[in-house]
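Working notes, beginning with the structure itself.
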Amino acid sequence: MKKFSRVFTVLVFLFLYIPMIVLAVASFNTGTDMAAFKGFTLSRYAELFRDRSLLALLGNSVIISILASLIATVLGTMAAVGLHNARGRLKSAVMTLTNIPMTNPDIVTGVSLALLFAFTGSVLKIKSILGFWTLLIAHITFNLPYVILSVLPKLTQMDPDLEDAALDLGCTPSQAFFKVILHDIMPGVISGFMMAFTMSLDDFVISYFVTGSSFITLPVEIYNYTKKPIHPKIYALFTLMFLTILVLMVVMNLLQGKDAERKLRKRGVRA
Amino acid sequence: MAKELIRLTNLTMEFDGEKILDNINLYINDHEFLTLLGPSGCGKTTTLRIIGGFLTPTSGDVLFDGQRINAVPAYQRKINTVFQRYALFPHLDVYDNIAFGLRIAKLPELEIDQRVEDMLDIVSLRGFENRKVTQLSGGQQQRVAIARALVNRPKVLLLDEPLGALDLRLRKDMQNELKRIQQAMGITFIYVTHDQEEALSMSDTIVVMDKGQIQQIGRPEDIYNEPKNAFVADFIGESNILDGVMIEDYCVEFFGRKFQCVDKGFSPKEPVDVVIRPEDIDFVEADQGHLCGTVTSITFKGMQYDIIVDFKGFKWLIQTTDYQPVGKRVGIRLNPEDIHVMKKSAYSGLFGDYSSYSAEYDEIAEDTADEE
Chain A
156 MKKFSRVFTV LVFLFLYIPM IVLAVASFNT GTDMAAFKGF TLSRYAELFR
206 DRSLLALLGN SVIISILASL IATVLGTMAA VGLHNARGRL KSAVMTLTNI
256 PMTNPDIVTG VSLALLFAFT GSVLKIKSIL GFWTLLIAHI TFNLPYVILS
306 VLPKLTQMDP DLEDAALDLG CTPSQAFFKV ILHDIMPGVI SGFMMAFTMS
356 LDDFVISYFV TGSSFITLPV EIYNYTKKPI HPKIYALFTL MFLTILVLMV
406 VMNLLQGKDA ERKLRKRGVR A
Chain B
108 MAKELIRLTN LTMEFDGEKI LDNINLYIND HEFLTLLGPS GCGKTTTLRI
158 IGGFLTPTSG DVLFDGQRIN AVPAYQRKIN TVFQRYALFP HLDVYDNIAF
208 GLRIAKLPEL EIDQRVEDML DIVSLRGFEN RKVTQLSGGQ QQRVAIARAL
258 VNRPKVLLLD EPLGALDLRL RKDMQNELKR IQQAMGITFI YVTHDQEEAL
308 SMSDTIVVMD KGQIQQIGRP EDIYNEPKNA FVADFIGESN ILDGVMIEDY
358 CVEFFGRKFQ CVDKGFSPKE PVDVVIRPED IDFVEADQGH LCGTVTSITF
408 KGMQYDIIVD FKGFKWLIQT TDYQPVGKRV GIRLNPEDIH VMKKSAYSGL
458 FGDYSSYSAE YDEIAEDTAD EE
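So the sequence lines, in the order shown, correspond to chains A and B.
Under the numbering used here, the first residue of the first sequence carries the number 156, and numbering increases by one thereafter.
Under the numbering used here, the first residue of the second sequence carries the number 108, and numbering increases by one thereafter.
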């Protein structure tokens, strides 16, 4: 039984990661035929780094992701604190409303945001409103629930006396937040930020609807590539992106693990 | 001599229509060690949190040094708190935890250092400055919490069941320690506990609370010797509580017999509750006693035996060093000063019968289990 479950785990992992492995292998292949590995080369990567326009698009993606996730983290943390202090029915109602955008199909969110922007544009008499700002607003919108969902449990776990203790020792409510509460919920804030960042970085569906030709992100551009044969340098790019996200996720997990360990030790002292 | 520092007038607190505090009136003197004592849910912690500024009373006033402070937020009050679960800041070490309040007050670093060092001496934590608070034992965390509050030189220190999480031995040590610190620093302590022994041994004044009301205020000796009603008599120590009738001043009748007592000021023939402490009762030969009963159980408690004696169907607890075998007919004598007479109250008839003795002890065992 134990053996079976181990084999099964390996199979699941293979199933999950084989596509990525194929992609990574293809990015090092000298030949253009996927079926045969002719020889090892880094020239795809060299080509990639010479392609200014592609790198510029990657830059766009990174800028949008960082800005959107930073702003979403600040707003989401504020929202989580507000929700945490809210009572009973109001709290659960707002929580449900917050979660809907997350479960909502991306395409619905994308189209509805596009409609909203088009409407706003016609009211404000702006011809091509779709671009950097609409993209940023859209990304912040779909990032918010992830941040709230990762910060809120930290607030619930926090000893409620901590805030009182800070007030007791002379902190104003805002000092109490920055000097005490924020430290305690930091792991949640950071993992919320990272989750938002990765969601933003690879978002295609929503971005596709809310951006114009003035500001294009990498996933949107790559979608255009799929209509013709993909150049192998794209494989190199994807491999790099995959590795970046992998590193982020590992860091995030380590942070959470460390946090859990701290909690455990605290409990050990008390017992 | 003693100056009044805090006064609570007609304090009422309601949560969602439920009365937590019902018309609390209380004054607290400077340098006093005052304990709010009562079972869980009696409103003692709520009272403390109102004084600390964490809750606003539904009605009534909180006066500090003669000034009304209802609307003064916690961070502007000259009051500090030791929280039940300490609420130390986990991201700071021992030194920074203690220095926290002084840094908020923007004192010069030199003075902060001096005061933190002094405080470390007072709570015997020298050498622990750079320890993480999560690495300390319960007793050490407790002392950091006390130091963190006292270093701000508050006029009043509030303590919310601060010893609840410690084991018995450590608790005894910390009781002495707290009393010593209070006397050395000359600060008013307002202490919340449900442990009557703790309250009796530490306090200058005890306030016994139940169901959001103050049942009795007094010195520990008065509370123990002259309980005001059946609740106080039962909650503080062990008590046999009997129905009686006050015949006249200094004479009370119960079990169909008149006894001389030291109480007066009741109306003639007034029904009363009579309290007899288990340790005040002396055994005599069956034929020489005021009352005669049968021993139904005996338990060795170390310092004394707990003996249950059946008097005409009403079971008494008697604590004595004399062994009495089960089934023996015994007599008891009661001296006038052993008999305490109380007015009838809402609590009459609820406490003081040891018919379900073993069950009662199970309850106590449960209570102790809850604390841990």
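Beta carbons are placed, not taken as given, at the ideal position from N, Cα and C, and that holds for glycine.
Remember, it's a predicted structure, so these values are computed and weren't measured experimentally.
- In this structure, ASP314 (chain A) places its C-beta atom within 9 Å of the C-beta atom of ARG192 (chain B).
- Bridge partners of GLN320 (chain B) according to DSSP: B:ASP317.
- C-alpha of VAL314 (chain B) to C-alpha of GLN322 (chain B): approximately 8 Å in a straight line.
- Residue-level contact by beta carbon fails for LEU304 (chain A) and chain B, as no gap is shorter than 9 Å.
- One Cα belongs to PHE163 (chain A), the other to MET175 (chain A), and the distance between them is close to 19 Å.
- Of all residues in the segment 197-221 of chain B, only PRO197, HIS198, PHE207, GLY208, ILE211, ALA212 come within less than 8 Å of chain A when Cβ atoms are compared, listed by chain position.
- By the neighbour-count criterion, in which a residue is buried when 16 or more other Cβ atoms sit within 10 angstroms of its Cβ, ILE262 (chain A) is exposed.
- In terms of beta-carbon proximity, THR228 (chain A) stays away from the interface with chain B, with every pair separated by 9 Å or more.
- In the DSSP assignment, ARG436 (chain B) is bridged to B:THR401.
- Per the coordinates, the alpha-carbon of LEU285 (chain B) lies some 40 Å from the alpha-carbon of MET233 (chain A).
- At a cut-off of 3 residues, the continuous stretches assigned as beta strand (DSSP E) that sit fully inside the segment 164-205 of chain B are 166-171, 186-189.
- Within the model, the alpha-carbon separation for VAL179 (chain B) versus ILE157 (chain B) is close to 11 Å.
- Rounded to whole angstroms, SER208 (chain A) and ILE221 (chain A) show a C-alpha spacing of 20 Å.
- In this model, SER452 (chain B) and LYS151 (chain B) are separated by some 21 Å (Cα to Cα).
- The criterion of a C-beta distance shorter than 9 Å is satisfied by ASP168 (chain B) and LEU118 (chain B).
- At least 9 Å separates the CB of THR311 (chain A) from every CB of chain B.
- With the rule of 3 Cβ pairs closer than 8 Å, the segment 347-363 of chain A does not count as touching the segment 204-223 of chain B.
- Sequence-distant partners of LEU349 (chain B) (beyond 5 residues in either direction) whose C-beta falls short of 6 Å from its own C-beta, in its chain, are PHE361, VAL381.
- Cβ atoms of ALA194 (chain B) and ASP319 (chain A) come within 8 Å of each other, at about 7 Å.
- Within the segment 342-425 of chain B, the complete beta strand (DSSP E) runs of at least 3 residues fall at 347-355, 358-361, 364-367, 377-383, 389-391, 398-407, 412-418.
- Contact note: ALA194 (chain B) reaches chain A through ASP314, ASP316, LEU317, ASP319, ALA320, using a C-beta cutoff of 8 Å and chain order.
- Taking 7 Å as the upper bound on Cβ-Cβ separation, chain A lies near residues GLY159, PHE161 of the segment 148-179 of chain B.
- For GLN411 (chain A), the closest Cβ of chain B is not nearer than 9 Å.
- Within the same chain, and ignoring the five residues on either side of THR185 (chain A) in sequence, the residues whose Cβ sits closer than 8 Å to its Cβ are LYS193, GLY194, PHE195, THR196, SER198.
- Inclusion of GLU121 (chain B) and ILE113 (chain B) in the CB contact set at 9 Å is not warranted, their separation being larger than that value.
- Under DSSP, PHE140 (chain B) shares a beta bridge with B:PHE296.
- Under the 9 Å criterion on CB atoms, LYS280 (chain A) is classed as non-interfacial with respect to chain B.
- Listed in chain order, the non-local C-beta contacts of GLU377 (chain B) below 6 Å within the same chain comprise MET353, local neighbours out to five positions each way being set aside.
- Taking a C-beta cut-off of 8 Å against chain B, none of the residues of the segment 223-251 of chain A qualify.
- According to DSSP, residue pairing for GLY325 (chain B) in a beta bridge involves B:ILE313.
- Among the residues of chain B, those whose CB is under 9 Å from the CB of HIS338 (chain A) are PHE196, PRO197, HIS198, LEU199, following chain order.
- Here MET404 (chain A) is exposed. Its C-beta has fewer than 16 other C-beta atoms within 10 Å.
- Under the Cβ criterion of 9 Å, PHE296 (chain B) is not counted among the residues facing chain A.
- A distance below 9 Å separates the beta carbons of ASN136 (chain B) and GLU111 (chain B).
- Counting along the chain, no alpha helix (DSSP H) covers PHE122 (chain B); the unbroken beta strand (DSSP E) around it starts and ends at 111-122.
- Neighbours of TYR182 (chain B) in chain A, taken as residues at a C-beta separation under 7 Å, are given in chain order as LEU322, GLY325, CYS326, THR327.
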